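2 protein chains.
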Amino acid sequence: MQRQTQQRVAIESAFVAAGRPLGPQEILDAAREQVPSLNLATVYRTLKRMIEDKAIHPVELPGESARYELQSAAEHHHHHFRCGECDAVYDLEGCVEGLHKLLPAGFLMTGHDIVLYGSCAACGTSL
Amino acid sequence: MQRQTQQRVAIESAFVAAGRPLGPQEILDAAREQVPSLNLATVYRTLKRMIEDKAIHPVELPGESARYELQSAAEHHHHHFRCGECDAVYDLEGCVEGLHKLLPAGFLMTGHDIVLYGSCAACGTSL
DNA sequence: TCGTACTTGCAAATGCATTCGCGTTAGCTA
DNA sequence: TAGCTAACGCGAATGCATTTGCAAGTACGA
Numbered sequence: 000m001q002r003q004t005q006q007r008v009a010i011e012s013a014f015v016a017a018g019r020p021l022g023p024q025e026i027l028d029a030a031r032e033q034v035p036s037l038n039l040a041t042v043y044r045t046l047k048r049m050i051e052d053k054a055i056h057p058v059e060l061p062g063e064s065a066r067y068e069l070q071s072a073a074e075h076h077h078h079h080f081r082c083g084e085c086d087a088v089y090d091l092e093g094c095v096e097g098l099h100k101l102l103p104a105g106f107l108m109t110g111h112d113i114v115l116y117g118s119c120a121a122c123g124t125s126l
Numbered sequence: 000m001q002r003q004t005q006q007r008v009a010i011e012s013a014f015v016a017a018g019r020p021l022g023p024q025e026i027l028d029a030a031r032e033q034v035p036s037l038n039l040a041t042v043y044r045t046l047k048r049m050i051e052d053k054a055i056h057p058v059e060l061p062g063e064s065a066r067y068e069l070q071s072a073a074e075h076h077h078h079h080f081r082c083g084e085c086d087a088v089y090d091l092e093g094c095v096e097g098l099h100k101l102l103p104a105g106f107l108m109t110g111h112d113i114v115l116y117g118s119c120a121a122c123g124t125s126l
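In structure tokens:
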């Protein structure tokens, strides 16, 4: 069976505390505040298992390696915002109309991704 | 100065003939019909120079390695469609309204990307 | 509390896209 | 047409994110 180790608890709480998609290195940095000895390989192993358990799911952005977010956040349709200052990614609520009008004749759409770029509230405030 | 080699001509014409973003391997496959001895390293070298010359520019999609498209295609704002059957990427004309309404308070938007997924006309026809 | 076997940390190994070194080939100018 | 040198093909090397082997550590049921 699966064990409740302190490293796993630290990783899970890092996701809850952040409330936004995190990459392996971000997770490592955050979780090390609970468990300083935490290793990146353990982060990857834990991520892999959490994906299998459907506790998290991957968030891919153009030209970047995968981040992950809690499945609960992914239960409703949403998109992402990437801050060019701090490189953090945030969840966005809602969607837009009219994507179908972009479709050429004969094309069938089954899904879409939208990514907004700019600077987040935290970075904008500190300018 | 720069030389007009047959490999470079083949690569440039592959872009023109395709009329859509191509990845290094796709370019290799296409250009080898003109120059069978063409090597992948040469494709990469040529792409690098074409980017410096602003003849092409990279197209990044979530979770995939870069494709490239002619700068002429990039002169006007547009987005992309990715076919899940043949893995090809196509340019889409136009854009949508209302992206600003997705933005949380305090966030500033400087750009955006939209990717539609589904099956293209070529694949849809052959089903 | 004990023992088992799941987990971890560490370092080495992968996989992959992309780049480089080098001897050879081939544009291009005189 | 000859000569210079940019460009090529090939195979090895990089860089990076991610994975794995293994010995040591530790959660947790009996």
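First to last, the sequence lines map onto chains E and V.
For the first sequence, numbering that gives the first Met the number 0 gives the first residue as 0, with consecutive numbering after it.
For the second sequence, numbering that gives the first Met the number 0 gives the first residue as 0, with consecutive numbering after it.
Beta carbons are placed, not taken as given, at the ideal position from N, Cα and C, and that holds for glycine.
Note that the coordinates shown come from a computational prediction; the quantities given were computed from them, not determined experimentally.
Between residue 89 (chain E) and residue 79 (chain E), the beta carbon gap of about 7 Å places them in contact (Cβ cut-off 8 Å). Close partners of residue 96 (chain V) in chain E (Cβ separation under 9 Å): 95, 96 and 97. Counting only residues of its own chain and dropping the five nearest sequence neighbours on each side, residue 21 (chain V) has a CB closer than 8 Å to the CB of 13, 14, 29, 66, 67 and 68. Taking C-beta atoms under 8 Å as the contact rule, residue 27 (chain E) and residue 39 (chain E) qualify, at a distance of about 5 Å. Listed in chain order, the positions of the stretch 106-121 of chain E with a beta carbon within less than 7 Å of a beta carbon of chain V are 106, 107, 108, 109, 110, 111, 112, 113, 114, 115, 116, 117, 118, 119 and 120. Counting along the chain, residue 0 (chain E) sits inside no beta strand (DSSP E), nor does DSSP assign it H or E at all. Closer than 8 Å at the C-beta level to chain E, one finds no residue of the stretch 16-27 of chain V. Distance from the CA of residue 3 (chain V) to the CA of residue 11 (chain V), rounded to the nearest whole angstrom, comes to 11 Å. Ranked by Cα distance from residue 0 (chain E), the first of E:72, E:52 and E:31 is E:52. Around the beta carbon of residue 48 (chain E), fewer than 16 other beta carbons lie within 10 angstroms, which makes this residue exposed.
Contact annotation: the stretch 104-119 of chain E touches the stretch 94-105 of chain V, with at least three C-beta pairs closer than 8 Å. For secondary structure counted as the beta strand (DSSP E) over 3 or more consecutive residues, the stretch 61-98 of chain V holds these complete runs in sequence order: 66-69, 78-82 and 88-91. If you look at residue 115 (chain V), you'll find it in the beta strand (DSSP E) that goes 107-118.
Taking 8 Å as the threshold, the shortest C-beta distance from residue 74 (chain V) to chain E does not fall below it. The C-beta of residue 86 (chain V) has fewer than 16 other C-beta atoms within 10 Å across all chains shown, which makes the residue exposed. Its chain contains 23, 26 and 27 as the residues whose beta carbon lies nearer than 6 Å to that of residue 42 (chain E), once the 5 sequence neighbours on both sides are disregarded; these appear in chain order. Contact annotation: residue 92 (chain E) and residue 97 (chain V) have beta-carbon atoms that are not nearer than 8 Å. Remark: C-beta atoms of residue 101 (chain E) and residue 101 (chain V) do not approach each other more closely than 8 Å. For residue 104 (chain V), a Cβ of chain E is located within less than 8 Å of the residue's own Cβ.
Among the CB atoms of chain V, none fall inside 8 Å of the CB of residue 68 (chain E). Nearest neighbour of residue 94 (chain E) by Cα position, chosen from E:84, E:110, E:64 and E:54, turns out to be E:110. Within 10 angstroms of the beta-carbon of residue 16 (chain V) lie fewer than 16 other beta-carbons, which makes it exposed. Listed in chain order, the non-local C-beta contacts of residue 6 (chain E) below 6 Å within the same chain comprise 34, 37 and 41, local neighbours out to five positions each way being set aside.
In this structure, the straight-line span from the alpha carbon of residue 99 (chain E) to that of residue 84 (chain V) is close to 19 Å. Under the Cβ criterion of 8 Å, residue 100 (chain V) is counted among the residues facing chain E.
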